Every structure is written in C-alpha cells, then in structure tokens.
Amino acid sequence: MFTSSSILRLKCIIVKKILDPFQQEITPACRIDQARVASRNPARNRVFNTGRRTRCHVMHRLKYTLITMLLALFLCLTTLQPARAGTPYTILWQRQIAGGTGNSGLSPVISPWGDIFLVTGSSILRLNDRGEQIWDFKTGERPTGAPVFFPDGSTFVPTARALYEIKPYGRPGWSFSVATGESGGGNTSSPTLARGPGESFYLLLGKSLYAVAPRRDMLWYVGQSDYPVAVDADRQYVFVARTAKDAGTTVEALDGSGATAWRRGFAEQKQIYLALEPGGRYLYVAGVPKTASAINKCALYALDAASGAIAWSHRFSQAEIGNINAAPDGLVYLVAGKERLYTLDGATGEERLSTRLLDLSGAAPAVDRQGTIYVPGRERLYAVDGRDGRLLWDMEVDGGVQATPALGPDGLTVYFTGGKGILYALQTAYANTSPRTAGAAVGAVSTPGNLARAAQ
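Counting in the UniProt record's numbering, the sequence shown runs from 1 upward without gaps.
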C-alpha cells in the first residue's frame with residue numbers, strides 16, 4: 001500500500017527527471033548560439049560576446065524557472081487531495097483538554113445526541129462533534145464510571161460516593177449519595193453504573209451494589225463479600241461479579257427486587273470484565289485468574305443471559321487479558337498479554353483473528369462500520385483490517401492511548417484521548433467515503449462493555 005510520504009517521494013523523483021534535461025541543456029545551447037555568431041562576425045562577437053552569453057543564460061534560466069513553477073504547482077495540487085488519494089487517515093480536529101491526562105481509564109462517551117462526554121479530574125466535559133466545549137460540570141470528586149443518558153437530555157454520572165444528575169445545559173439536578181464512601185472496587189475500566197430492570201439505576205459504590213429509582217431514592221442494596229469488579233444490565237436482570245477471598249468469583253443475575261435469578265461460580269479471579277451481547281442473548285465474562293497455571297488460564301466465557309449456562313469458553317495462553325468489546329457485528333474484540341489482538345465469534349467462540357502488535361495498553365479495541373479495528377497502544381494507535389488482521393496504519397500519540405476509542409454516530413469517526421490530555425477526532429480513509437461533515441449521523445456505535453446505554 002502506498003502511503004502519502006511514498007507518493008510524495010515518487011512525485012519528487014518524476015519532477016527531477018523532467019527538469020534534469022533542461023538544466024543540462026542551458027550551457028550547450030548557449031555555446032552553440034555563441035559559435036553561430038562568431039562564424040558570421042568574429043569582431044562583433046568579441047565585443048558583444050559577454051552580453052550575448054548573459055542574455056542566452058537569462059532566456060534559458062527563465063524557461064527553466066517557468067517549467068519548475070508549473071511542475072511545483074502540479075505537485076502541490078496533486079498532493080493536497082482528500083485523504084482517500086493516499087493518506088491512510090485524516091485528523092478532523094484535536095483539542096487540548098484542560099486538566100486532562102488521558103489516563104483516567106474511561107473512554108470518551110458519545111451521547112444519543114452525538115455530543116462527546118469526557119471525564120477529566122473531578123469534572124465531566126460535554127463537547128460538540130467539533131470539539132467545542134458546551135459545559136463543564138464539577139462533581140467535587142473523580143467520576144468512577146461512564147455516564148448514562150435519559151431521553152429528556154439529562155446525564156447521570158457516578159462517583160465513589162454518589163450519583164449525580166446533570167441537566168441538559170450543565171446545571172445540577174437530582175443526586176443520590178451514601179453517608180461515607182466504601183473502599184474497594186473502583187476498577188474504572190469496567191462499568192460502575194447501569195440501567196436495567198424496572199428502569200432503575202444499578203450503581204456500584206465501594207463494596208456494595210445499590211438499586212436506585214431515578215430521581216427518587218434507594219430501592220435496595222446488596223453488600224459484597226470482598227470487592228465488586230463489574231456490573232451490567234439488560235431489561236430483565238442486573239449482572240454483577242464479586243469475589244470472596246479463598247472462595248472464588250461468582251457472577252450473579254439479580255432481578256428488579258434484588259433476588260438472585262441464577263449464579264455461576266469461577267476460580268478466584270484478580271480481574272474480571274462483564275459485557276452483554278448487543279442482542280441480550282449472551283453475557284460475556286473475561287477473567288484473569290488470581291493464580292495462573294497450565295489448567296487455570298485467562299479465559300473468555302459466554303453465559304446464557306437467561307439461565308447462566310456456559311454456552312462456550314475460550315482460553316488464552318497469555319497471563320492477562322483486557323476489557324472486551326461485544327460489538328454489533330456479532331464479534332467480540334479483546335487484547336491479551338498487551339501484545340495480541342483477538343477477534344472471536346460471539347455465538348460460537350471460534351477464533352476469527354489473532355494479530356500480534358507491539359506494546360498495547362490493554363484497553364478494549366473499537367471497530368468502525370467498515371470493519372477497521374482500532375487498538376490502543378502505549379505509544380501509538382493501531383488500525384487493523386478486520387478481515388485479515390493486516391496493519392493498515394499506526395499513529396504515534398504522545399502519552400499513548402490508555403482507554404478504548406469511541407465511535408461517533410456515523411460509525412466512522414473515532415474519538416480518543418492521548419496520555420497528555422489531547423482529544424482527537426479522526427477517520428480512516430476509505431475509497432468510497434470522505435471525511436464527514438459535522439452533524440452526519442448514521443450507523444451503529446460500538447462501545448466496550450455497553451458502557452454507554454441510552455434509556456429507551
């Protein structure tokens with residue numbers, strides 16, 4: 001594949017080949033002209049030889065300069081083509097986020113209205129799709145999870161002690177809090193807030209799971225044995241994983257009243273991730289065992305969301321795996337060992353793709369509607385062809401990419417933050433597409449672990 005730099009080098013070589021004959025022509029042509037004059041009038045040639053030689057050089061130099069300018073114009077015009085003519089990606093815009101480091105572990109989240117929500121320090125920012133700030137809401141403490149959106153335009157954001165409502169124009173609304181924050185938990189790469197049965201919020205605060213009626217009060221809570229590590233929900237159940245010391249890890253499905261519908265036990269895990277299949281049929285459970293061995297390795301399980309039965313499992317040879325992205329295309333994307341990208345069939349567990357990359361951050365990959373997979377690295381962002389695992393391009397990012405990129409409503413625009421607090425918006429160049437204009441909105445959005453779920 002030709003890159004923009006290789007095409008530019010090729011054009012420069014062509015221009016040089018065209019200009020070289022004109023450069024070499026100048027001196028011989030002038031000598032021929034001088035010889036003709038000398039043969040006709042030697043005396044006059046001695047007088048005007050210097051002037052004629054000068055005029056000869058000037059004329060040829062003018063011709064050489066004119067040709068150079070025309071070729072330079074050609075080079076510029078053919079270089080400044082849209083990205084699809086050679087550039088593998090287009091950066092639509094980038095913005096330095098005040099107080100942001102890009103290391104919060106939380107991805108940018110795209111709202112149902114196409115705006116970008118970004119956690120930075122003890123604030124949550126709302127930006128439009130051009131990167132312009134709409135408002136900055138101060139929570140007073142660091143948000144611990146991605147926001148959840150209401151159809152009326154309100155945004156709900158969790159922290160270690162509370163759940164805050166932010167009105168559409170950035171004003172504070174209702175809030176729910178506990179008397180003191182609980183220690184434990186707080187894995188910011190997993191959801192800590194979900195909306196599920198009874199349209200209630202299910203919120204992890206420290207070691208407890210709270211069911212909260214929106215804009216009202218707590219319905220019930222369940223204390224955890226050791227620490228909660230993940231939560232997700234559909235319209236029927238809320239799913240929670242918890243670990244008890246020396247007693248293994250349990251994944252449970254709770255109904256709207258807090259009663260256990262089913263329970264599935266695993267060996268004790270030091271890290272676990274939950275993600276629902278977009279259709280709600282499967283609950284994916286990715287775990288890193290506390291004590292790894294030849295028979296106790298990192299694995300991904302697909303559980304029947306209604307019964308908890310194991311539909312399939314897939315084990316990995318690496319010592320660790322990252323968060324998972326259950327995408328609308330029916331595939332599951334994840335990184336293992338911070339060096340290899342895997343794609344699995346969400347229905348069967350069959351391995352579709354395994355590609356080795358360099359120095360990955362471990363955050364879940366994202367995939368656009370054309371099938372390009374965006375894999376976060378510690379120093380770069382990688383774009384991989386989802387069909388064959390071929391590296392399409394990579395981009396150096398100051399500070400690396402520590403969280404999963406987000407896909408815009410058009411399914412093509414990728415938003416991500418670098419480790420130095422810069423928010424980027426870019427698109428891969430495709431033959432049949434061009435960089436979007438602000439406001440375009442078609443296609444589906446894929447986010448890991450269903451972090452952003454709009455209320456229906």
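Don't be surprised by glycine CBs; every beta carbon is placed ideally from N, CA and C. Computed from a predicted structure; not experimentally measured.
For residue i versus residue j, is the C-beta spacing smaller than 8 Å?
i	j	result
S208	V222	yes
R315	R340	no
E149	P112	One point to set straight first is that residue 149 is Phe, not Glu, in the sequence displayed. Going by C-beta atoms, F149 is nearer than 8 Å to P112.
Y374	A364	no
E268	T243	yes
D129	G408	yes
F176	V212	yes
residue 530	Y424	Outside the shown range of the chain (1 to 456) lies residue 530, about which nothing can therefore be said.
Q402	V414	no
S200	A406	no
G248	A302	no
R359	G386	Sequence check: residue 359 is Asp here, not Arg. No; because the gap between Cβ atoms is not below 8 Å, this pair is not in contact.
Y284	D255	no
Y282	N323	no
What are the boundary residues of the beta strand (DSSP E) that includes residue i?
i	result
A286	282-289
V238	238-244
R428	It should be noted that the sequence gives Thr, not Arg, for residue 428. Run containing T428: 422-428, per the beta strand (DSSP E) assignment.
S123	123-127
L357	It is not in any beta strand (DSSP E) - L357 carries neither H nor E in the DSSP assignment.
R340	340-345
T90	89-96
Q133	133-138
R263	260-266
E277	Note, E277: premise wrong, no beta strand (DSSP E); not H, not E.
A253	248-254
T120	116-120
W174	172-177
F416	414-417
Leaving out five residues before and five after residue i in sequence, what residues of the same chain have Cβ atoms less than 7 Å from its Cβ?
i	result
R352	L331, T343, L344, D345
D234	G196, L276, G280, A305
G153	P168
G173	S154, E165, I166, K167
G337	Q318, A319, E320
Y210	L203, M218, Y221
Q456	Confidence at Q456 is low in this model, with a pLDDT of 31, below 50, so the placement of that residue should be treated as unreliable; the coordinate-derived value is given next. Counting only Cβ-Cβ distances below 7 Å, and skipping sequence neighbours, we find nothing.
A438	Annotation note: pLDDT 37 at A438 (below 50); position unreliable, coordinate value reported separately. Excluding residues within five positions, the ones whose Cβ falls inside 7 Å are D129, R130.
G258	A211, W220, V222
W93	R130, G131, A425
Excluding sequence positions up to five away, which residues of its chain have a Cβ less than 8 Å from the Cβ of residue i?
i	result
G170	R126, I134, W135, D136, F137
D246	E268
Spatial neighbours of residue i within its chain, please: CB distance less than 6 Å, with the 5 preceding and 5 following residues excluded, ordered by chain position.
i	result
T3	Note that T3 scores 42 on pLDDT, short of 50, meaning its location in the model is unreliable and no value can be drawn from it.
G308	W262, R264
D394	R380, Y382
A347	none
C76	Any reading at C76 needs caution, since the residue's pLDDT is 47, under 50, leaving its predicted position unreliable; the model's value is listed next. Once the five neighbours on either side are set aside, C76 has no close Cβ partner at all.
P278	P328
L118	P108, L125
R142	S122
E252	V240, T260, R263
Q271	V288
G389	L353, T355
Looking at the strands, I want to know which residues DSSP matches up with residue i.
i	result
F201	R195, V212
A383	Y374, W393
P158	L163
L106	Looking at the DSSP assignment, L106 forms no beta bridge with any residue, so it has no partner.
S313	Y301
L334	Y342
L219	Per DSSP, none; premise fails for L219.
residue 457	Outside the shown range of the chain, which is 1 to 456, sits residue 457, and nothing can be said about it.
A169	The sequence shown places Tyr at residue 169, rather than the Ala named in the question. Answer is none; Y169 lacks a bridge partner.
For a cutoff of 8 Å on Cβ pairs, would you count residue i as touching chain C?
i	result
G389	Among the chains of the structure shown, chain C does not appear; only one protein chain is present.
Note to self: Three Cβ pairs or more, each shorter than 8 Å: is that satisfied between the region 414-431 and the region 384-400?
What the structure shows: yes
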